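Novice: Anchor point for the sequence shown: position 113 equals 102 in our numbering, and the numbering is continuous, going up by one each time.
What follows is a structure written as structure tokens; I'll ask about it next.
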Amino acid sequence: MSVVEKKVFGLTKEGKEADLYTVVNKNGLKAVYTNYGAILVSLFVPDKDGNMADVVLGYDVLEKYFENDPNLGATIGRHANRIGGAKFELNGVTYELDKNDGKNNLHGGFDGYHKRLWDAKTYDEEDGTVMEFAYESADMDQGFPGNLKVTVCYKLTDANELVISYKGICDKDTVLNLTNHTYFNLAGHNSGTILDHKVWIDSDEFTFADSESIPNGDIIKVEGTPMDFRVEKAIRDGIDSDYQQIVWGKGYDHNWVLKTKKGELSLVATLKDEKTGRFMETYTDLPGMQFYSGNFLKGDVNGKDDAVYSIRTGLCFETQYYPNAINVPSFEQPVIKAGEEFTTVTKYAFKTV
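In structure tokens form, the structure reads like this:
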């Protein structure tokens, strides 16, 4: 049985109480969440010598999450990543969205799900403790059709895994593409850049992204490019190359085409910090993963313990449907039918090497 603690984190802009929940598994792994934005605030995992460190970027105070431009630890919805032109067509109707990333829509718009207060509860399952967050998004919220009920469950298992399960059901056909935007730094959230971390991605291809990071349907082979992580390599090895995709993205900020099957969890990526021996495996049943190397972290708002999160001090493995898929018919579509339950699972497993 895991230990669960709850305390007040602060008051939202609307004066409502937001809470902080701490869950500790039998091995001492500790996860800290808030029902403001269904955000993962902290995750303490051991190194090869058993020393615990917080390996995710975040803030000490609730107020810093009101802006949270980098989306630290955030649950992203209704649509993760970008929708080109901030509009899409569904069932013959064109829907206009917030233009919060140039002329495009990013992570749901100006008022993302990570800036809402969610209902929260905890319960135990055989292999760990679940932190469940639930939210109801009204018809035309952010410009998307349908009244959507969504739940996000974080389960901290006694096998040192963080399992994130998503469910959604809507009364109209709608677009739904949920992800988690946690920034990892396996050396510790306040330890500097992630350039020496080693990455492996089980992918032969990635989706081309234009200068505004919008895919157009082109799929590019990773072979012979800095995007090839089929053999584990350090992030620094290709991050400053003159390859056009890297130049446009200011580093890695791209969607890799995964070999997953719907409804089946597959190992799709690993992350390793050789200095501490911390090793993370990422599993998902979704078709894509955005590997983002923290290129736009500015160090302008101090994080936990007064840490300065400057460029490339954390990285994200955001499992997802491909960016702009709703506007690219050849991509698997992030559409759920009215009354049909949407489910997906992503798992981060922590080990030492």
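C-beta: ideal position from N, C-alpha, C; glycine also.
Treat the numbers as computed from the prediction; the structure is a model and nothing was measured.
With a threshold of 16 other CB atoms inside 10 Å of the CB of P318, please say whether the residue is buried or exposed.
Specialist: exposed
Novice: Are the CB atoms of T273 and S299 within a distance shorter than 8 Å?
Specialist: no
Novice: I'd like to know whether the C-beta atoms of K261 and K326 end up nearer to each other than 8 Å.
Specialist: Inclusion of K261 and K326 in the CB contact set at 8 Å is not warranted, their separation being larger than that value.
Novice: Just checking my contact of R105 with G26 at CB under 8 Å: how many whole Å lie between their CB atoms?
Specialist: 7 Å
Novice: Roughly how many angstroms separate the alpha carbons of G91 and F99, rounded to a whole number?
Specialist: Using only the alpha carbons, I get a separation of about 12 Å.
Novice: Identify whether R267 lies in helix, strand or coil by the three-state DSSP scheme.
Specialist: strand
Novice: Since H96 and N60 should fall inside the 8 Å C-beta cutoff, what is the C-beta to C-beta distance between them, to a whole number of angstroms?
Specialist: 6 Å
Novice: Looking at the secondary structure, which residues open and close the beta strand (DSSP E) in which Y337 lies?
Specialist: F331 to T341
Novice: Ignoring anything shorter than 4 residues or poking outside the stretch 40 to 109, list the alpha helix (DSSP H) runs there in chain order.
Specialist: 52 to 56
Novice: Considering only their Cβ atoms, is the gap separating A198 from H243 smaller than 8 Å?
Specialist: yes
Novice: For S282, which residues in the same chain have their Cβ closer than 8 Å to its Cβ, ignoring the five residues on either side in sequence?
Specialist: Closer than 8 Å at the Cβ level, and outside the excluded window around S282, lie I183, I224, I228, G240, Y241, D242, R301 and L304.
Novice: How would you call T249, buried or exposed, if buried means at least 16 neighbouring beta carbons within 10 angstroms?
Specialist: buried
Novice: Take Q279 as the anchor and find which of S154, N313 and F268 has the nearest alpha-carbon.
Specialist: N313
Novice: Using three-state DSSP, classify G(-1) as helix, strand or coil.
Specialist: Looking at G(-1) - three-state DSSP - the assignment turns out to be strand.
Novice: To test your reading of the DSSP string, which unbroken beta strand (DSSP E) runs of 3 or more residues are found completely within the stretch 228 to 260?
Specialist: Runs of the beta strand (DSSP E) spanning 3 or more residues and lying entirely within the stretch 228 to 260 occur at 242 to 246, in chain order.
Novice: Express the C-alpha separation of A109 and D128 in angstroms, rounding to a whole number.
Specialist: 22 Å
Novice: Taking buried to mean at least 16 other C-beta atoms within 10 Å of its own C-beta, is Y124 buried or exposed?
Specialist: Note on Y124: 16 or more other CB atoms within 10 angstroms of its CB, so buried under the neighbour-count rule.
Novice: Alpha carbon to alpha carbon, what distance is there between T23 and L145?
Specialist: 15 Å
Novice: Suppose you measure from the CA of V164 to the CA of M269; what does that come to, to the nearest Å?
Specialist: Here the alpha carbon of V164 sits roughly 30 Å from the alpha carbon of M269.
Novice: What would DSSP say about D130, mapped onto helix, strand or coil?
Specialist: helix
Novice: Excluding the five sequence neighbours on either side, which residues of its own chain have a C-beta within less than 6 Å of the C-beta of A20, listed in chain order?
Specialist: V12, L32 and L145
Novice: Who are P35's beta bridge partners in DSSP?
Specialist: M41
Novice: Within 10 angstroms of the Cβ of R67, are there 16 or more other Cβ atoms? Answer buried if so, exposed if not.
Specialist: A residue is called buried once 16 or more other Cβ atoms fall within 10 Å of its Cβ, and R67 is buried on that count.
Novice: So if DSSP puts V220 in a beta bridge, which residue, or which two residues, is it bridged to?
Specialist: Answer by DSSP bridge pairing: none, since V220 is not bridged.
Novice: E115: which of G181, K15 and D191 sits nearest, CA to CA?
Specialist: Nearest neighbour of E115 by Cα position, chosen from G181, K15 and D191, turns out to be K15.
Novice: How many angstroms separate the CA atom of K(-4) from the CA atom of F173?
Specialist: 25 Å
Novice: Would you please state the rounded distance, in angstroms, between the beta carbons of V290 and K2? I believe it to be under 8 Å.
Specialist: Not quite, the Cβ-Cβ distance comes to about 17 Å (not below 8 Å), so this is no contact.
Novice: Relative to the C-alpha of W237, which candidate in S202, E212, E194 and I72 has its C-alpha closest?
Specialist: Comparing C-alpha distances from W237 to each of S202, E212, E194 and I72 shows the shortest one belongs to S202.
Novice: Where do the N-terminal and C-terminal ends of the beta strand (DSSP E) with K144 fall, by residue?
Specialist: L137 to T146
Novice: Look at I158 and E307 and say whether their C-beta atoms are less than 8 Å apart.
Specialist: A distance of 8 Å or more separates the beta carbons of I158 and E307.
Novice: Using only alpha-carbon positions, find the residue among D87, Q131, I153 and F133 that is nearest to G117.
Specialist: I153
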